[in-house]
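**Student:**
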């Protein structure tokens with residue numbers, strides 16, 4: 017070979033791009049469209065590294081190489097290992113026996129797994145060094161590219177050998193984390209949801225004024241208890257057994273506050289509250305119900321809460337009413353009419369669903385002559401029109417939306433009739449309500465055919481000048497309407513799927529609720545019987561010295577009974593959040609984490625899984641729907657418990673949860689991490705596990721949990737992802753929520 021004719025000098029360092037992975041090495045491309053070959057032996061310093069190069073290199077990967085020579089056909093012989101210093105020469109300065117390290121699986125053999133710790137440094141994880149519960153076919157346990165944590169057992173620099181152990185690493189799993197974590201019982205809902213439970217009632221009463229309060233409750237026992245307690249705290253109370261009598265009384269006597277149950281004879285509580293607020297807009301309203309019935313009226317409750325009505329979930333605690341009383345004096349309420357509520361202002365940020373719907377509208381708005389595009393929805397039952405999305409200028413006059421049910425918007429959406437008006441001045445009074453919405457010279461309307469039987473949709477394109485929509489053809493409108501219909505059908509299906517999984521989740525957690533209630537009821541029954549015995553003994557001992565001791569004991573038992581009832585109420589109310597689809601509100605996230613942990617604690621106990629929560633160094637708040645956040649947290653926690661139970665049934669494991677503030681793409685987000693010591697996830701499945709129907713081989717899995725979890729997170733403007741996962745070590749899932757106050 018004539019070295020003087022080489023375009024690239026021998027020993028020159030150049031950049032190469034992988035074009036093909038061949039059985040004997042790599043075919044690469046050099047500068048100037050020249051080709052080269054890196055043979056297996058030249059890929060890395062240890063001979064073992066070359067054995068599994070086909071799993072380590074990818075097409076398009078750039079490599080630093082050294083020129084070894086040139087073949088007769090013009091192809092260069094190249095070396096990657098000569099482009100790097102031999103890492104084994106300085107290995108002892110970076111690694112030592114007993115050290116726990118992270119690595120990537122590069123090859124799998126019947127006798128063990130090859131793990132790369134860094135470039136050109138690979139060790140052997142022998143199958144005998146796996147945990148006892150992880151014995152099986154290595155090709156099923158490990159995939160190339162999987163991440164692992166191992167302990168270095170021995171280093172032989174001259175022979176270029178590392179002996180690794182995964183069993184030793186697993187033995188160190190929670191040594192530092194457990195000592196830094198609080199006991200599992202240290203974070204319970206009682207720490208977060210009783211702001212007044214430790215304060216004397218007399219002190220609280222000094223902070224409250226006297227108000228005129230009406231109670232509507234058909235159960236005489238509950239009605240009497242509420243009336244008696246409110247009168248005890250210096251309130252003027254009038255009680256009613258039905259809504260009709262309360263409405264009649266209000267005509268004669270105004271009240272500051274109305275507290276009503278939903279389930280009433282005759283007129284129900286929801287209708288009564290709407291009517292009262294319509295007639296008496298300065299009266300504050302409170303609706304009471306249990307979480308099961310609240311889930312039956314999500315729309316009605318959402319409308320009342322938007323109008324300023326508070327919702328109390330039964331059973332009630334005294335501090336629930338104290339919060340209402342203190343709120344009355346903090347800021348007097350001026351409630352809008354419920355019969356015809358004013359529409360809220362457009363949110364500052366659009367939801368992901370609205371952004372998707374806006375995309376086809378933006379394409380239409382970009383056409384010549386188009387000034388505005390709007391998508392309308394018609395509720396067939398309530399005969400109400402709403403705006404789902406709008407693009408262009410000017411902004412719609414939202415106060416005119418309520419009258420669109422009398423406009424061509426309803427004709428297009430409900431009757432499926434196309435509308436093409438070249439000049440609105442020639443349309444007469446037909447468009448009077450639509451013209452209140454925005455000024456325009458011409459418009460087009462096309463129905464959106466969806467599978468939603470309760471709703472109808474219409475797409476409208478507006479032009480500023482008469483005859484200005486010639487660029488908007490029927491084909492374009494057909495394409496836009498079909499695209500929007502597909503998006504709406506997809507959103508409807510996703511909503512139904514989320515609701516189905518939420519109900520299934522509630523069904524799974526009902527056992528825990530029943531268990532906890534029964535567990536807490538048992539001592540209350542015994543204590544009541546003992547209290548009755550002490551009262552009889554006290555009556556017999558009146559006037560005797562032992563009466564004082566009996567009084568002390570009876571008081572102690574009453575205190576314990578009150579605390580037992582309080583705990584029972586809190587247990588039952590844990591389930592209220594996930595059952596009620598409410599509006600976005602300011603949430604304290606460590607509260608929700610603690611509640612979610614308590615809700616799955618029975619499931620974890622049966623699987624012998626320890627749940628631990630690390631409280632954040634600071635209080636973390638964001639604005640979101642509490643039911644959505646709870647559903648995501650419950651899915652992540654149940655997934656962690658199930659994965660541990662799948663590999664160590666009867667043995668169990670541990671799950672840790674912690675929160676932290678972090679930055680993502682220049683924005684502050686709150687991250688909730690759920691870490692388990694389960695089987696881990698193959699690196700190639702980190703994204704696939706969130707796909708619909710993916711079950712990771714579990715026969716009892718539905719393939720819905722993680723799919724819905726990611727969908728709910730996206731709907732809140734956040735995301736769920738696998739933060740890290742190591743085979744036979746465990747996984748960490750992260751839920752990120754935008755910091756929105």
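Numbering (my numbering), first residue to last: 17 to 757. All C-beta atoms in this analysis are idealised placements derived from N, C-alpha and C, irrespective of residue type, glycine included.
Output the distance between the C-alpha atoms of residue 330 and residue 731, rounded to the nearest integer angstrom.
**Tutor:** Taking the first residue of the chain shown as position 1, residue 330 is located at position 314. Taking the first residue of the chain shown as position 1, residue 731 is located at position 715. If you take the alpha carbons of residue 330 and residue 731, they lie about 29 Å apart.
**Student:** Taking the C-alpha atoms as reference points, what is the distance between residue 236 and residue 575?
**Tutor:** As a working mapping, residue 236 is identified with position 220 in the chain shown. As a working mapping, residue 575 is identified with position 559 in the chain shown. Distance between the alpha carbons of residue 236 and residue 575 is about 26 Å.
**Student:** I need the straight-line Cα distance from residue 687 to residue 251, nearest angstrom please.
**Tutor:** If you number the chain shown from 1, residue 687 lands on position 671. If you number the chain shown from 1, residue 251 lands on position 235. Taking the straight line from one Cα to the other gives about 44 Å.
**Student:** Closer than 8 Å by C-beta to residue 258: which residues in its own chain qualify, once you throw out the five before and the five after it? Chain order, please.
**Tutor:** The count along the chain shown starts at 1 and reaches residue 258 at position 242. Here the set comprises 232, 234, 280, 281, 282 and 283.
**Student:** When the Cα of residue 59 is compared with those of 77, 227 and 81, which residue comes out closest?
**Tutor:** As a position in the chain shown, residue 59 is number 43, starting the count at 1. Nearest of 77, 227 and 81 to residue 59, Cα basis: 81.
**Student:** How is the alpha helix (DSSP H) around residue 675 delimited, first residue to last?
**Tutor:** Reading the chain shown from its first residue, position 659 is the one you call residue 675. Careful: residue 675 lies outside any alpha helix (DSSP H), inside the beta strand (DSSP E) at 669-680.
**Student:** What are the complete alpha helix (DSSP H) segments, minimum 4 residues, inside the stretch 402-447?
**Tutor:** With a minimum length of 4 residues, the continuous alpha helix (DSSP H) runs that stay inside the stretch 402-447 are 424-431.
**Student:** If I'm right that residue 435 touches residue 461 with Cβ under 8 Å, what's the distance once you round it to whole angstroms?
**Tutor:** In the chain shown, counting from the first residue as 1, residue 435 sits at position 419. In the chain shown, counting from the first residue as 1, residue 461 sits at position 445. With a Cβ gap of about 3 Å, residue 435 and residue 461 count as contacting.
**Student:** Taking the straight line between their C-alpha atoms, what separation do you get for residue 389 and residue 464?
**Tutor:** Locating residue 389 in the chain shown gives position 373, counting from the first residue. Locating residue 464 in the chain shown gives position 448, counting from the first residue. Rounded to the nearest angstrom, the two C-alpha atoms are 14 Å apart.
**Student:** What ranges does the beta strand (DSSP E) occupy inside the stretch 62-122, keeping only unbroken runs of at least 3 residues that lie completely in it?
**Tutor:** Those beta strand (DSSP E) runs which fall completely within the stretch 62-122 and span 3+ residues are 78-86 and 92-95.
**Student:** Helix, strand or coil, according to DSSP, for residue 615 in the structure here?
**Tutor:** Counting from 1 along the chain shown, the entry for residue 615 is found at position 599. In this structure, residue 615 counts as helix in the three-state DSSP scheme.
**Student:** Mapping the DSSP letters down to three states, classify residue 458 as helix, strand or coil.
**Tutor:** Residue mapping note: residue 458 aligns to position 442 of the chain shown, counting from 1. Three-state result, residue 458: strand.
**Student:** To the nearest whole angstrom, what separates the beta carbons of residue 169 and residue 113, a pair I think is in contact under 8 Å?
**Tutor:** To locate residue 169, count along the chain shown from 1; it is residue 153. To locate residue 113, count along the chain shown from 1; it is residue 97. About 6 Å; that satisfies the 8 Å criterion.
**Student:** Per DSSP, residue 474 is paired with what?
**Tutor:** Numbered from its first residue, the chain shown carries residue 474 at position 458. Bridge partners of residue 474: 392 and 463.
**Student:** Comparing alpha-carbon positions, which option in 41, 35 and 39 lies nearest residue 51?
**Tutor:** As a first step, residue 51 is located in the chain shown; it is residue number 35 there, counting from the start. Here the closest residue by C-alpha is 35.
**Student:** Would residue 692 and residue 668 qualify as a contact pair, given that the criterion is a beta-carbon distance under 8 Å?
**Tutor:** By 1-based counting over the chain shown, the position of residue 692 is 676. By 1-based counting over the chain shown, the position of residue 668 is 652. Not in contact: residue 692 and residue 668 (Cβ atoms no closer than 8 Å).
**Student:** Take every Cβ of the stretch 493-501, pair it with every Cβ of the stretch 466-475, and state whether three or more of those distances are shorter than 8 Å.
**Tutor:** Touching, yes, given that three or more Cβ pairs across the two stretches are closer than 8 Å.
**Student:** Hey, would you say residue 696 sits closer than 8 Å to residue 742, going by beta carbons?
**Tutor:** Here residue 696 refers to the residue found at position 680 when the chain shown is read from its first residue. Here residue 742 refers to the residue found at position 726 when the chain shown is read from its first residue. Yes.
**Student:** Taking 8 Å as the threshold (beta carbon to beta carbon), is residue 433 in contact with chain D?
**Tutor:** Included in the structure is just one protein chain, with no chain D present.
**Student:** Spatial neighbours of residue 657 within its chain, please: C-beta separation below 7 Å, excluding the five flanking residues on both sides.
**Tutor:** Position 641 of the chain shown, counted from the start, is the residue given in the question as residue 657. 616, 619, 620, 623, 625 and 671.
**Student:** Buried or exposed: which applies to residue 727, given that a residue is buried once 16 or more other Cβ atoms fall within 10 Å of its Cβ?
**Tutor:** As a first step, residue 727 must be located in the chain shown, where it is residue number 711. With 16 or more other Cβ atoms within 10 Å, it is buried.
**Student:** Flag this pair as yes or no: are the beta carbons of residue 392 and residue 425 separated by less than 8 Å?
**Tutor:** Taking the first residue of the chain shown as 1, we reach residue 392 at position 376. Taking the first residue of the chain shown as 1, we reach residue 425 at position 409. Going by C-beta atoms, residue 392 is nearer than 8 Å to residue 425.
**Student:** Taking the CB atoms as reference points, tell me whether residue 116 and residue 167 lie closer together than 8 Å.
**Tutor:** As a first step, residue 116 must be located in the chain shown, where it is residue number 100. As a first step, residue 167 must be located in the chain shown, where it is residue number 151. Against a cut-off of 8 Å, the Cβ pair of residue 167 and residue 116 comes out as a contact.
**Student:** Around the C-beta of residue 89, are 16 or more other C-beta atoms found within 10 angstroms, so that it is buried, or is it exposed?
**Tutor:** Translated into the one-based positions of the chain shown, residue 89 becomes position 73. It is exposed - the Cβ of residue 89 has fewer than 16 other Cβ atoms within 10 Å.
**Student:** Which same chain residues, not among the five before or five after residue 265, have their C-beta less than 8 Å away from its C-beta?
**Tutor:** As a working mapping, residue 265 is identified with position 249 in the chain shown. The residues are 230, 254 and 256.
**Student:** Using C-beta distances below 7 Å, list every residue in its chain close to residue 746, excluding the 5 sequence neighbours before and after it, in chain order.
**Tutor:** In the chain shown, the residue the question calls residue 746 occupies position 730. Correct list, in chain order: 691, 692, 693, 694 and 696.
**Student:** Roughly how many angstroms separate the alpha carbons of residue 341 and residue 673, rounded to a whole number?
**Tutor:** The residue given as residue 341 occupies position 325 in the chain shown. The residue given as residue 673 occupies position 657 in the chain shown. So the two alpha carbons sit approximately 36 Å from each other.
**Student:** Drop a sphere of 10 angstroms on the beta-carbon of residue 75, count the other beta-carbons inside from all chains shown, and report buried for 16 or more, exposed for fewer.
**Tutor:** For the purposes of this step, residue 75 is taken as the residue at position 59 of the chain shown. When all chains shown are included, residue 75 counts as exposed.
**Student:** So residue 305 and residue 272 are in contact, right, with Cβ under 8 Å, and what is the actual spacing, rounded?
**Tutor:** Translated into positions along the chain shown, residue 305 becomes position 289. Translated into positions along the chain shown, residue 272 becomes position 256. With a Cβ gap of about 22 Å, residue 305 and residue 272 do not count as contacting.
**Student:** Grouping DSSP H, G and I as helix and E and B as strand, with all else coil, what is residue 663?
**Tutor:** Start at 1 with the first residue of the chain shown, and residue 663 comes out as number 647. If DSSP states are grouped into helix, strand and coil, residue 663 belongs with the helices.
**Student:** Of all the options 470, 300 and 149, which has the alpha carbon lying nearest to the alpha carbon of residue 395?
**Tutor:** Position 379 of the chain shown, counted from the start, is the residue given in the question as residue 395. Ranking the options by Cα distance to residue 395, first place goes to 470.
**Student:** Whole angstroms is fine: what's the gap from residue 647's alpha carbon to residue 729's?
**Tutor:** As a working note, residue 647 is residue 631 in the chain shown. As a working note, residue 729 is residue 713 in the chain shown. Near 10 Å, if we compare the C-alpha coordinates of residue 729 and residue 647.
**Student:** In or out: residue 614 buried (at least 16 other Cβ within 10 Å) or exposed?
**Tutor:** In the chain shown, the residue the question calls residue 614 occupies position 598. When all chains shown are included, residue 614 counts as buried.
**Student:** Check this for me: beta carbons of residue 380 and residue 496, under 8 Å apart or not?
**Tutor:** Walking along the chain shown from the start, residue 380 turns up at place 364. Walking along the chain shown from the start, residue 496 turns up at place 480. Yes; because the gap between Cβ atoms is below 8 Å, this pair is in contact.
**Student:** Between which two residues does the alpha helix (DSSP H) holding residue 730 run?
**Tutor:** Within the chain shown, the letter at position 714 stands for residue 730. Unbroken alpha helix (DSSP H) run through residue 730: 721-731.
**Student:** Is DSSP giving residue 289 helix, strand or coil here?
**Tutor:** By one-based count along the chain shown, residue 289 stands at place 273. In the structure shown, residue 289 sits in a helix (DSSP, three-state: H, G or I).
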